[in-house]
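Notes follow once the structure below has been shown.
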Amino acid sequence: MIGFLFSILLLIIIGMIVAWAYKRKLRQINKDASVLLGFLIIGLFWTFGILFYLNVLNLGVAGRNLMWNFPFNLGIVPTPSLHPYAIILFLSYPLWYLWGLERGYTLWGRRPYQEGTLFLFRMNKPGEILPEEKKEPPKSTEK
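Heads up: the sequence shown begins at 57 in the working numbering, then just goes up one per residue.
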């Protein structure tokens, strides 16, 4: 989208949101929803990012300058020698999305019966009874 740094942060956050939505509803609709949404999201980020980088879409600033220095003016002067780095950053977008997706699965769980690590901070609902600990069967005293 706009800026390499901002795009990477957005991809991580969107991946986590997709993981949450997948656990809640999307898995019931389509088990491949996170992959399909990933293709759509990465396609949008690549399309708009490349169009900004090539200065096809103009926001009043040179596209390369916008991609390298947004959201902060980092003082990077876009030159042709940065093109290979831009290609590497564009090609790394799916990895950032997948990293955010996996962090989301870690937090919320992948399947409906999984709790994820947020289970540690879960509060019981009023009237909810915790499951009792498993009791060992009585030992026989026969010899």
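Every residue gets a Cβ at the ideal spot worked out from N, C-alpha and C, and that includes glycine.
Source: prediction; values computed, not measured.
Open item on the list: Does the CB of F175 have a neighbour CB from chain B at under 8 angstroms?
Closed with: The structure shown contains no chain B, having only a single protein chain.
Task: Pair within 8 angstroms by beta-carbon distance, A77 and Y161 - done: The residue labelled residue 77 in the question sits at position 21 within the sequence shown. The residue labelled residue 161 in the question sits at position 105 within the sequence shown. Cβ atoms of A77 and Y161: not closer than 8 angstroms.
- [ ] Could you work out which residue in F62, G165, L174 is closest to R80 when comparing CA atoms only?
- [x] The count along the sequence shown starts at 1 and reaches residue 80 at position 24. The candidate whose alpha carbon is nearest that of R80 is G165.
- [ ] Please determine if the region 95-106 and the region 170-183 are in contact, where contact requires at least 3 C-beta pairs separated by less than 8 angstroms.
- [x] no
Task: Residue range of the unbroken alpha helix (DSSP H) whose run includes N129 - done: On the sequence shown, position 73 is the one that residue 129 refers to. Careful: N129 lies outside any alpha helix (DSSP H) and carries neither H nor E.
- [ ] Identify the continuous alpha helix (DSSP H) that holds I143 and give its terminal residues.
- [x] As a first step, residue 143 must be located in the sequence shown, where it is residue number 87. Counting along the chain, the alpha helix (DSSP H) containing I143 begins and ends at 139-147.
Task: 8 angstroms Cβ cutoff met for I70 and Y149 - done: The count along the sequence shown starts at 1 and reaches residue 70 at position 14. The count along the sequence shown starts at 1 and reaches residue 149 at position 93. No, Cβ-Cβ distance for I70 and Y149 is not below 8 angstroms.
- [ ] Within its chain, find whatever has a CB closer than 8 angstroms to the CB of M72; leave out the 5 residues flanking it on each side and keep chain order.
- [x] Here the question's residue 72 lines up with position 16 in the sequence shown. Hits under 8 angstroms: G156, L157, R159, G160, L163.
Open item on the list: Less than 8 angstroms between the C-beta atoms of F126 and I64, yes or no?
Closed with: Here residue 126 refers to the residue found at position 70 of the sequence shown. Here residue 64 refers to the residue found at position 8 of the sequence shown. No, the pair does not count as a contact, with Cβ atoms beyond the cut-off.
Task: Boundaries (first-last residue) of the alpha helix (DSSP H) holding T197 - done: Reading the sequence shown from its first residue, position 141 is the one you call residue 197. That residue, T197, is in no alpha helix (DSSP H); it is neither H nor E in DSSP.
TODO: Classify M72 as helix, strand or coil using the three-state DSSP reduction.
DONE: Taking the first residue of the sequence shown as position 1, residue 72 is located at position 16. Of the three classes helix, strand and coil, the one that applies to M72 here is helix, per DSSP.
- [ ] Count the other CB atoms, across all protein chains shown, that sit within 10 Å of the CB of F175; report buried if there are 16 or more and exposed otherwise.
- [x] Numbered from 1 along the sequence shown, position 119 holds the residue referred to as residue 175. With fewer than 16 Cβ atoms within 10 Å of its Cβ, F175 is classed as exposed.
TODO: May I ask you to report which of helix, strand or coil DSSP gives N114?
DONE: As a first step, residue 114 is located in the sequence shown; it is residue number 58 there, counting from the start. Looking at N114 - three-state DSSP - the assignment turns out to be coil, as it is neither helix nor strand.
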